[in-house]
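S.K.:
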Amino acid sequence: MRGVIPAPSIKIRASEHLRCYPAKAKDMVKIDLPKEPVKNWREVMLKKMAEVLDKYRSVRLFMDICVKCGACADKCQFFLGTGDPKNMPVARADLFRKVYKRYFTLGGRVFGKSNEAEELNESVLRDWMTYFYQCSECRRCSIFCPYGIDTAEITMAAREIMAAAGIATKYVTEVVAKVYDTGNNLGIGPEAWKYNCQFLEEDVKDVDGVEIKFPVDEIGADVLLVPPSADNFANTNTFVGYAKMFHAAGISWTTSTYCNEGGNFGLFLNYTNLKKINNRILEAARQLRVKKIYWGE
Amino acid sequence: MRALFFVFLPYLCTGIFLLGIGVKLSIWLRTPVPLRIVTTPAPKTTLGVIWRFLGDLFWFPSLFKSDKLLWGAGLLFHLALWIVLLRHLRYFVYPMPAWVEGIQTLGLYAGYVIPFPVAFLLARRLLQNPLLYVSILGDYFALFLLLTITVSGILQQLFFRSYVIDVKDTILGLIHFQPRVPTVHWLFILHLISVLVLLTYFPFSKLLHAGGLLLSPTRYQKANFEKRLINPWDYPVAYSPENLSTPEKYAQALKETEKGEGK
């Protein structure tokens, strides 16, 4: 697309009402998080925040060096779409920064509000829950920032901190829990996956007159294909494309019903789940004793 | 009273500046970088990273992409500031190298330029709604300090000259720990005090962007994805409820699923 999208005029709290549904206890339990918001959420969150600041140089550095030049402001699609000033990447990071300043910097402790420092109170938490879930972690802002400040890192840190206190959204936690149940985000069970593959085999035979296999759980194949699960029943053209490509190249391949998801929603929640879900790819590769993994989303 | 300005404060503020920067640097450097988060398009080699930093330091390509006016003002300010700082070496080193003498005229003109981009940056903050929204007191304070420093400097150069031998004598005295208390124009005291305030403010503020840029993982990392990046604090996670990492176990689990509801 060419041309310029004009920056919208600021509409204070324009997208404040757009909140996600809270996570359900049954999903939270499955993904090793407190099943509901904990009573001492402030202490838990501050403890987690200290941990995150010690683990990620990106977060700590980005908190310290932002000069608020505003170069990122009109680069975020959420700001362009809503006009809510808290959706400007710099303002989104400021939600984190004011808590960081209050509890982790001398300037914030001494000068308080005049140095934008603020207590972690309920209204700040409400803003966190609202605006850190109005970021898609696309990292577009980081390309325009003169210091490469990546708001996705800050968003991920904030979500990790909230999750530790049992505060998360239904959408993300439900999808992550589903991966542990069925191996993919959409909840396609092993049987359904197999039937879909058989259906596609017949489809290809009808349309192209060629017998192409869509192997499932074949032990000893050369390649394990980990596609986005939607390819199995919604975007089937891409799935058929993989099969035809493997067929033409003469490569033996398989999909796994244990891990058939190229996307990882752990990224939108916390490090532990991100790693667990990623590890399923390795586990599947060992189960099926493949030589290579083709993985994409 | 004058001893306060010319002896006590210079040592105190410079001390805070150096200590503050040291502490910040050590915190940043000891905080690990667990993941590769380099921004695209990213260099693949160390030479490429150096080239990228040269751009980031002296050309501001990211700002060029995002906001041409801001880029122009920012570049003008920073380049002029560098030249002015280098010109000021004439007050700090003895004997003075020839090249410092050589940039004297250029340095003076660079000094006259600085207030304009600074005033623009200030006006921008006050007139653009999104910026007004995110600006905090510290943003105005830094610009105000820079204006005070440059304007007091220019006024001394053009109208109210301090006796330069006295100035250099004072500074060299401080450097060699033999402080002296000169008699100079009050504008020089203002100039000195605002510089000292800036030095003190530096380690606690956004002015840290100066060195922070070089440690920013999105800028210094390489796109060498074939090389594994080890996360120093990585921990083992408890995987699936029943670990299915052998084919036999998995086949068994599959059979049970088929017998059951089939999901």
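Line by line, the protein sequences give chains A and B.
Counting from 0, one number per residue, gives the positions in the first sequence under this note's numbering.
Counting from 861, one number per residue, gives the positions in the second sequence under this note's numbering.
We treat Cβ as the ideally placed atom computed from N, Cα and C, and that holds for glycine.
1. Quick check on lysine 928/B: buried or exposed, where buried means 16 or more other Cβ atoms within 10 Å of its Cβ?
2. Compare the C-beta of methionine 161/A against all C-beta atoms of chain B and say whether one is closer than 8 Å.
3. For the region 894-905 of chain B, which residues have a beta carbon sitting closer than 7 Å to at least one beta carbon of chain A?
4. Based on Cα-Cα distance, which residue from Val171/A, Pro84/A, Lys29/A, Pro33/A lies nearest to aspartate 180/A?
5. Specify the secondary structure class of tyrosine 954/B as computed by DSSP and reduced to three states.
6. Counting only the same chain and skipping the five closest in sequence on each side, list residues whose C-beta sits under 6 Å from that of leucine 1129/B.
7. Just to check my reading of the structure: threonine 256/A and tryptophan 192/A have Cβ atoms closer than 8 Å, yes? What is that Cβ distance to the nearest angstrom?
8. Can you give me the C-alpha to C-alpha distance between leucine 882/B and alanine 1070/B, rounded to a whole angstrom?
9. In chain B, which residues lie less than 9 Å from cysteine 346/A when you measure between Cβ atoms?
10. Quick one: which chain B residues come within Cβ less than 9 Å of arginine 84/A?
11. Helix, strand or coil, according to DSSP, for leucine 224/A in the structure here?
12. Output, in chain order, the set of chain A residues within a Cβ distance shorter than 7 Å of aspartate 1026/B.
13. Answer with yes or no whether the minimum CB distance from proline 892/B to chain A is below 8 Å.
14. If you drop the 5 nearest sequence neighbours on each side, which residues of the same chain put their C-beta closer than 7 Å to that of alanine 24/A?
15. Can you give me the start and stop residues for the alpha helix (DSSP H) that tyrosine 146/A sits inside?
16. Specify whether the region 0-15 of chain A and the region 76-90 of chain A touch according to this definition: at least 3 beta carbon pairs, one from each stretch, less than 8 Å apart.
17. Going by C-alpha distance, which of Phe198/A, Ala283/A, Glu173/A, Gly106/A is nearest glycine 186/A?
18. Please report how far the alpha carbon of alanine 247/A lies from the alpha carbon of asparagine 259/A, in whole angstroms.
19. Look up proline 894/B in the DSSP assignment and say whether it is helix, strand or coil.
20. Where does leucine 930/B sit, in a helix, a strand or coil, going by DSSP?
21. Please check if any C-beta of chain B sits within less than 8 Å of the C-beta of tyrosine 130/A.
22. State the start and end residues of the unbroken beta strand (DSSP E) segment that holds tryptophan 294/A.
23. Given that a residue counts as buried once 16 or more other Cβ atoms are within 10 Å of its Cβ, and exposed if not, what is aspartate 216/A?
24. Does the beta carbon of valine 98/A come closer than 8 Å to any beta carbon on chain B?
25. Please report the distance separating the alpha-carbon of alanine 116/A from that of leucine 124/A.
26. Got a sec, what are the start and stop residues for the alpha helix (DSSP H) tyrosine 969/B sits in?
27. Measuring straight from C-alpha to C-alpha, what distance separates leucine 1005/B and phenylalanine 980/B?
28. To the nearest angstrom, report how far apart tyrosine 99/A and methionine 62/A are at their CA atoms.
29. Pick out the complete alpha helix (DSSP H) segments inside the region 1029-1108 of chain B, 4 residues or longer, and give them in chain order.
30. Considering only residues of the same chain and omitting the five flanking positions on each side of aspartate 1094/B, which have a CB-CB separation below 8 Å?
31. Please name the residue or residues paired with valine 215/A in a DSSP beta bridge.
32. Using a Cβ-Cβ cut-off of less than 9 Å, give me the residues of the region 45-79 of chain A that come near chain B, in sequence order.
33. Quick one: give me the first and last residue of the alpha helix (DSSP H) that phenylalanine 918/B is part of.
34. Please list the residues of the region 1012-1045 of chain B that have a C-beta atom closer than 9 Å to any C-beta atom in chain A, keeping them in chain order.
35. Which two residues bound the contiguous alpha helix (DSSP H) that contains phenylalanine 245/A?
M.R.: By the coordinates alone:
1. Locating residue 928/B in the second sequence gives position 68, where the first residue counts as 1. Burial call: exposed.
2. The count along the first sequence starts at 1 and reaches residue 161/A at position 162. Taking Cβ atoms only, chain B never reaches closer than 8 Å to methionine 161/A, which makes this a no.
3. Pro894, Ile897, Thr899
4. Stepping through the first sequence from its first residue, residue 180/A is reached at position 181. When only C-alpha atoms are compared, the closest one is Lys29/A.
5. By one-based count along the second sequence, residue 954/B stands at place 94. Of the three classes helix, strand and coil, the one that applies to tyrosine 954/B here is coil, per DSSP.
6. Because chain B in this structure spans residues 861 to 1123, residue 1129/B falls outside the shown range and cannot be described.
7. Start at 1 with the first residue of the first sequence, and residue 256/A comes out as number 257. Start at 1 with the first residue of the first sequence, and residue 192/A comes out as number 193. Yes, threonine 256/A and tryptophan 192/A are in contact; Cβ-Cβ is about 5 Å, under 8 Å.
8. As a working note, residue 882/B is residue 22 in the second sequence. As a working note, residue 1070/B is residue 210 in the second sequence. Reading the sequence as shown, one finds glycine at residue 882/B and not leucine. So the alpha carbons of these two residues sit roughly 14 Å apart.
9. Residue 346/A falls outside the range modelled here, since chain A spans only 0 to 296, and no answer is possible.
10. Taking the first residue of the first sequence as position 1, residue 84/A is located at position 85. Checking the sequence shown, residue 84/A turns out to be proline, not arginine. Under the 9 Å cutoff, chain B gives Asn989, Pro990, Tyr993, Val994.
11. In the first sequence, the residue the question calls residue 224/A occupies position 225. Correct three-state label for leucine 224/A: strand.
12. For the purposes of this step, residue 1026/B is taken as the residue at position 166 of the second sequence. Taking a Cβ-Cβ threshold of 7 Å, none of the residues of chain A is close to aspartate 1026/B; the smallest such distance is about 35 Å.
13. Translated into the one-based positions of the second sequence, residue 892/B becomes position 32. So, interface residue.
14. By 1-based counting over the first sequence, the position of residue 24/A is 25. Excluding sequence neighbours, alanine 24/A sits near Lys34, Glu35.
15. Here residue 146/A refers to the residue found at position 147 of the first sequence. Counting along the chain, tyrosine 146/A sits inside no alpha helix (DSSP H), nor does DSSP assign it H or E at all.
16. Yes, the region 0-15 of chain A touches the region 76-90 of chain A.
17. Within the first sequence, residue 186/A is the residue found at index 187, counting from 1. Among Phe198/A, Ala283/A, Glu173/A, Gly106/A, the Cα nearest to that of glycine 186/A is on Glu173/A.
18. By one-based count along the first sequence, residue 247/A stands at place 248. By one-based count along the first sequence, residue 259/A stands at place 260. Going by the C-alpha atoms only, they are around 23 Å apart.
19. For the purposes of this step, residue 894/B is taken as the residue at position 34 of the second sequence. Looking at proline 894/B - three-state DSSP - the assignment turns out to be coil, as it is neither helix nor strand.
20. Your numbering for residue 930/B matches position 70 in the second sequence. Three-state result, leucine 930/B: helix.
21. Position 131 of the first sequence holds residue 130/A. Cβ-Cβ to chain B under 8 Å: no for tyrosine 130/A.
22. Taking the first sequence and counting its residues from 1, one reaches residue 294/A at position 295. That run of the beta strand (DSSP E) goes 291-294.
23. For this step, residue 216/A is matched to residue 217 along the first sequence. It is buried - the Cβ of aspartate 216/A has at least 16 other Cβ atoms within 10 Å.
24. Residue mapping note: residue 98/A aligns to position 99 of the first sequence, counting from 1. Not one chain B Cβ lies under 8 Å of valine 98/A.
25. Translated into positions along the first sequence, residue 116/A becomes position 117. Translated into positions along the first sequence, residue 124/A becomes position 125. Taking the Cα positions, alanine 116/A is about 14 Å away from leucine 124/A.
26. Position 109 of the second sequence holds residue 969/B. Unbroken alpha helix (DSSP H) run through tyrosine 969/B: 964-973.
27. Against the second sequence, residue 1005/B aligns to sequence position 145. Against the second sequence, residue 980/B aligns to sequence position 120. Whole-angstrom Cα-Cα distance: 15 Å.
28. For the purposes of this step, residue 99/A is taken as the residue at position 100 of the first sequence. For the purposes of this step, residue 62/A is taken as the residue at position 63 of the first sequence. Each residue's alpha carbon lies about 8 Å from the other.
29. 1046-1061, 1069-1072, 1077-1080
30. Taking the second sequence and counting its residues from 1, the one referred to as residue 1094/B is at position 234. The residues are Pro894.
31. Position 216 of the first sequence holds residue 215/A. DSSP lists Thr254/A as partners of valine 215/A.
32. For the region 45-79 of chain A, which is checked against every Cβ of chain B, the residues closer than 9 Å are Leu52, Asp53, Lys54, Tyr55, Arg56, Ser57, Val58, Arg59, Leu60, Phe61, Asp63, Ile64, Cys65, Val66, Lys67, Cys68, Gly69, Ala70, Cys71, Ala72, Asp73, Lys74, Phe78.
33. On the second sequence, residue 918/B is found 58 positions in, with the first residue counted as 1. According to the DSSP assignment, phenylalanine 918/B belongs to the alpha helix (DSSP H) that extends over 906-918.
34. none
35. For the purposes of this step, residue 245/A is identified with residue 246 of the first sequence, where counting begins at 1. Counting along the chain, the alpha helix (DSSP H) containing phenylalanine 245/A begins and ends at 235-248.
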